[in-house]
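Take a look at the structure set out below.
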Amino acid sequence: MTQSAASLGPVPVLPNYLDEQLVTRMGIEILRCEPDLVVGTMPVRGNRQPIGIMHGGANAVLAETLGSLAAWVHAGPDRIIVGQELSCTHHHAVRSGLVTGVCRPLHVGRGVATYEIVISDERERRVCTARLTCALPQPRRQTRPAKDS
1 MTQSAASLGP VPVLPNYLDE QLVTRMGIEI LRCEPDLVVG TMPVRGNRQP IGIMHGGANA
61 VLAETLGSLA AWVHAGPDRI IVGQELSCTH HHAVRSGLVT GVCRPLHVGR GVATYEIVIS
121 DERERRVCTA RLTCALPQPR RQTRPAKDS
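Letter by letter, the sequence shown follows residues 1 to 149 of UniProt numbering.
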């Protein structure tokens, strides 16, 4: 990523459900969160396999986090975002430092959204390419109880 984190601009108020969840435990930080671009970082330390390289599942968590946030921004805070499919291709092993994920939309519709997430290391080498498809179900209408006559 060629742009410094300081130049990315403010992050909007993120959903409360991110607090004290997997995102926090893995050290993921959201740097930018807009409809067409979500950027986040994650430390390699604490997210490694026993052989000392970044765990592929950690890449998947970062990718799904960024894609789900992008879908949440697109759909609106009252909608529930449901991941349908996640595909990750791991290109390069990382042993230390910080990785950065950049999420951009491939297709954004009323009922489904698909995103590409590119994860790079500090030397800007592509570590992982992921694709996430999210369902954007419409909120259910609440039925009103029948009035007693």
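Just so it is clear, CB atoms sit at the ideal spot from N, CA and C, and this is done for glycine as well.
For residue 121, count neighbouring Cβ atoms within 10 angstroms of its own Cβ and tell me buried if that reaches 16, exposed if not. Taking all protein chains in view, the Cβ of residue 121 is crowded by 16 or more other Cβ atoms within 10 Å, so the residue is classified as buried.
Residue 124 - DSSP class collapsed to helix/strand/coil: In the displayed model, residue 124 falls within coil according to three-state DSSP, outside both helix and strand.
Which same chain residues, not among the five before or five after residue 114, have their C-beta less than 6 Å away from its C-beta? Apart from sequence neighbours up to five positions away, the residues of its chain that approach residue 114 with a beta-carbon distance below 6 Å are 106, 107, 133, ordered along the chain.
Where residue 76 and residue 82 are concerned, what is the direct C-alpha to C-alpha distance, given to the nearest angstrom? Distance from the CA atom of residue 76 to the CA atom of residue 82, rounded to whole angstroms, is 13 Å.
Tell me, which residues are paired with residue 90 by DSSP? Bridge partners of residue 90: 128.
My parser needs the beta strand (DSSP E) runs of 3 or more residues fully inside the segment 7 to 78; what are they? For secondary structure counted as the beta strand (DSSP E) over 3 or more consecutive residues, the segment 7 to 78 holds these complete runs in sequence order: 29 to 34, 37 to 43.
Given a threshold of 16 other Cβ atoms within 10 Å of its Cβ, counted over all protein chains shown, does residue 68 qualify as buried or as exposed? Buried: at least 16 other Cβ atoms inside 10 Å.
Just checking my contact of residue 84 with residue 130 at CB under 8 Å: how many whole Å lie between their CB atoms? Not a contact, Cβ separation roughly 14 Å.
In three-state DSSP terms, what is residue 104? In the three-state scheme derived from DSSP, where H, G and I count as helix and E and B as strand, residue 104 is classed as strand.
Determine the contact status of residue 44 and residue 101, defining contact as a CB-CB distance below 8 Å. Taking 8 Å as the cut-off, the Cβ atoms of residue 44 and residue 101 do not count as close.
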